[in-house]
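Numbering (UniProt numbering), first residue to last: 1 to 467.
All C-beta atoms, glycine included, are put in the ideal place defined by N, C-alpha and C.
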Amino acid sequence: MTGRTVIRGGLVITASDEIHADVLIEDGRIAALAATGTPAAEAFTAERTIDATGKYVIPGGVDAHTHMELPFGGTFASDTFETGTRAAAWGGTTTIVDFAVQSVGHSLREGLDTWHAKAEGNCAIDYGFHMIVSDVNQETLKEMDLLVEEGVTSFKQFMAYPGVFYSDDGQILRAMQRSAENGGLIMMHAENGIAIDVLVEQALARGETDPRYHGEVRKALLEAEATHRAIKLAQVAGAPLYVVHVSAMEAVAELARARDEGLPVFGETCPQYLFLSTDNLAEPDFEGSKYVCSTPLRPKEHQAKLWQGLRTNDLQVVSTDHCPFCFVGQKELGRGDFSKIPNGLPGVENRMDLLHQAVVDGHISRRRWIEIACATPARMFGMYPKKGTITPGADADVVIYDPHAEQVVSAETHHMNVDYSAYEGKRLTGRVETVLSRGEPVITEREYTGHAGHGVYTPRSTCQYLN
Ligand code: URP
Ligand code: ZN
Ligand code: ZN
Ligand code: ZN
1 MTGRTVIRGG
11 LVITASDEIH
21 ADVLIEDGRI
31 AALAATGTPA
41 AEAFTAERTI
51 DATGKYVIPG
61 GVDAHTHMEL
71 PFGGTFASDT
81 FETGTRAAAW
91 GGTTTIVDFA
101 VQSVGHSLRE
111 GLDTWHAKAE
121 GNCAIDYGFH
131 MIVSDVNQET
141 LKEMDLLVEE
151 GVTSFKQFMA
161 YPGVFYSDDG
171 QILRAMQRSA
181 ENGGLIMMHA
191 ENGIAIDVLV
201 EQALARGETD
211 PRYHGEVRKA
221 LLEAEATHRA
231 IKLAQVAGAP
241 LYVVHVSAME
251 AVAELARARD
261 EGLPVFGETC
271 PQYLFLSTDN
281 LAEPDFEGSK
291 YVCSTPLRPK
301 EHQAKLWQGL
311 RTNDLQVVST
321 DHCPFCFVGQ
331 KELGRGDFSK
341 IPNGLPGVEN
351 RMDLLHQAVV
361 DGHISRRRWI
371 EIACATPARM
381 FGMYPKKGTI
391 TPGADADVVI
401 YDPHAEQVVS
411 AETHHMNVDY
421 SAYEGKRLTG
431 RVETVLSRGE
441 PVITEREYTG
451 HAGHGVYTPR
461 STCQYLN
């Protein structure tokens with residue numbers, strides 16, 4: 001959309017500043033900011049004015065970890081790119097980075113092409129891709145260089161899920177060595193999957209089939225061990241490392257120690273680990289299956305250490321790992337055998353609000369909220385300052401956020417294509433009011449005004465968080 005929009009009177013919050021400013025948008029980009037009430041601000045003229053008095057004006061959220069339509073455990077994550085990106089917009093997120101999957105025996109290119117085909121023309125907001133590398137071989141390693149050049153600059157490997165996504169230490173080391181040369185960033189699912197599979201087999205043999213045993217066999221120590229091993233392999237390769245979905249306090253300790261040694265290792269956690277716990281996994285009548293994801297939810301005492309890690313910057317990013325499966329017909333595949341419950345939780349719509357609640361609750365500051373949810377994911381994955389901040393030249397991905405509105409989270413009112421909410425009944429202070437994506441209103445005063453196909457593929461540069 002061409003034309004100009006001015007957002008007047010709000011508190012503009014970025015990772016570094018909070019100022020009462022008017023924001024001028026032109027041709028989909030931020031054109032200028034000026035302190036509200038000053039002659040410079042009064043001189044802004046536009047066809048469209050948004051009154052943000054009493055509201056926050058924040059960068060659109062950057063969710064660097066989603067799985068729309070992911071094939072898993074014989075089924076598919078229930079959000080398509082269309083439904084999932086629309087729900088993301090409702091929740092104040094304007095960019096996702098989803099995971100394209102290489103199937104074993106196939107090339108990275110085939111996997112990436114498949115994901116492009118799923119997303120293209122269907123997204124309400126902008127999107128990029130990471131690449132899941134399931135099959136490290138000479139060809140794949142060469143392909144990694146090409147992908148980095150064309151804007152897929154991060155690669156996920158799995159120390160878990162033997163026989164599916166799993167890579168052994170040698171394959172991991174090779175991919176890390178390659179990324180040390182080509183500038184790619186290895187994202188690690190750090191759980192010792194070989195050991196976990198032994199514990200799964202033993203638990204099932206004892207008749208321990210309920211969802212809560214998913215949490216018991218996927219031990220915090222096995223997350224910490226894998227995190228430690230990944231760090232050491234990255235150190236040997238001379239490569240940076242980003243550990244995804246960190247849930248165990250012992251894993252945070254591994255990251256903190258490595259960072260104290262000056263190593264370029266980074267950690268991501270997710271709202272489910274900050275707000276939910278093994279108490280949810282233990283809910284009766286198979287309700288616990290709604291909370292089965294990997295790494296698993298942990299006992300409540302881990303949460304304080306995750307918040308601490310977010311404050312001390314031992315954890316840098318909060319993404320959702322949005323990977324929804326309906327309770328009816330999908331989570332139910334694991335009745336009588338927790339290992340058959342598809343792994344993943346819905347949350348792409350809830351992240352910005354839950355993290356605002358963390359501001360209200362005093363866990364983090366407002367600027368840290370924007371840093372962990374917008375600015376750092378954009379920097380980490382090579383999209384800054386186009387995404388993740390409000391500054392002249394940036395894409396006008398802007399959220400008008402009402403910090404005083406009250407809401408109750410519910411599957412009845414959410415927009416994700418899944419039949420339950422992991423946060424059902426939770427009261428939150430703060431709510432998204434209006435969302436612009438490249439200047440175009442996607443949500444207008446809590447009405448969906450976007451369209452599938454507005455969102456475009458966003459190629460990325462290499463990690464910008466290293467210097
Ligand atoms: O349980 C999860 N996290 N499902 C999505 C796949 C992954 O490992 O991130
Ligand atoms: Zn994972
Ligand atoms: Zn994931
Ligand atoms: Zn459009």
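Residue i Cβ short of 6 Å to ligand 2 heavy atom set
i, result
"residue 189", "yes"
Residue i CB to nearest heavy atom of ligand 1 below 6 Å
i, result
"residue 280", "no"
"residue 463", "no"
"residue 163", "no"
"residue 343", "yes"
"residue 326", "no"
"residue 270", "no"
"residue 294", "yes"
"residue 130", "no"
Per-residue DSSP class, three states only, for residue i
i, result
"residue 402", "strand"
"residue 52", "coil"
"residue 222", "helix"
"residue 13", "strand"
"residue 292", "coil"
"residue 407", "strand"
"residue 298", "coil"
"residue 26", "strand"
"residue 420", "coil"
"residue 273", "helix"
"residue 353", "helix"
"residue 394", "coil"
"residue 267", "strand"
"residue 38", "coil"
"residue 476", "In the structure displayed, the chain extends from 1 to 467; residue 476 sits before or after that span and is not available."
"residue 228", "helix"
"residue 385", "coil"
"residue 63", "strand"
"residue 58", "strand"
Range of the contiguous beta strand (DSSP E) that encloses residue i
i, result
"residue 154", "154-158"
"residue 208", "Where residue 208 is concerned, there is no enclosing beta strand (DSSP E), given that its DSSP letter is neither H nor E."
"residue 243", "241-243"
"residue 97", "93-101"
Between the CA atoms of residue j and residue i - distance to the nearest angstrom
i, j, result
"residue 303", "residue 252", "11 Å"
"residue 127", "residue 319", "14 Å"
"residue 185", "residue 267", "12 Å"
"residue 1", "residue 34", "Confidence at residue 1 is low in this model, with a pLDDT of 42, below 50, so its placement is unreliable and the value that follows should be read with caution. Residue 1 and residue 34: Cα-Cα distance of roughly 23 Å."
"residue 404", "residue 428", "10 Å"
"residue 188", "residue 381", "14 Å"
"residue 76", "residue 30", "38 Å"
"residue 278", "residue 317", "22 Å"
Terminal residues of the alpha helix (DSSP H) in which residue i lies
i, result
"residue 114", "108-119"
"residue 127", "Run containing residue 127: none in the alpha helix (DSSP H); it sits in the beta strand (DSSP E), 126-132."
"residue 84", "81-90"
"residue 313", "That residue, residue 313, is in no alpha helix (DSSP H); it is neither H nor E in DSSP."
"residue 380", "376-380"
Residue i: CB within 6 Å of a non-hydrogen atom of ligand 3
i, result
"residue 321", "yes"
task: Would you list, in sequence order, the uninterrupted alpha helix (DSSP H) runs of no fewer than 4 residues that lie entirely inside the region 427-462?
output: none
message: Extract the residue ranges of the beta strand (DSSP E) inside the region 140-188, only unbroken runs of 3 or more that lie entirely within it.
response: 154-158
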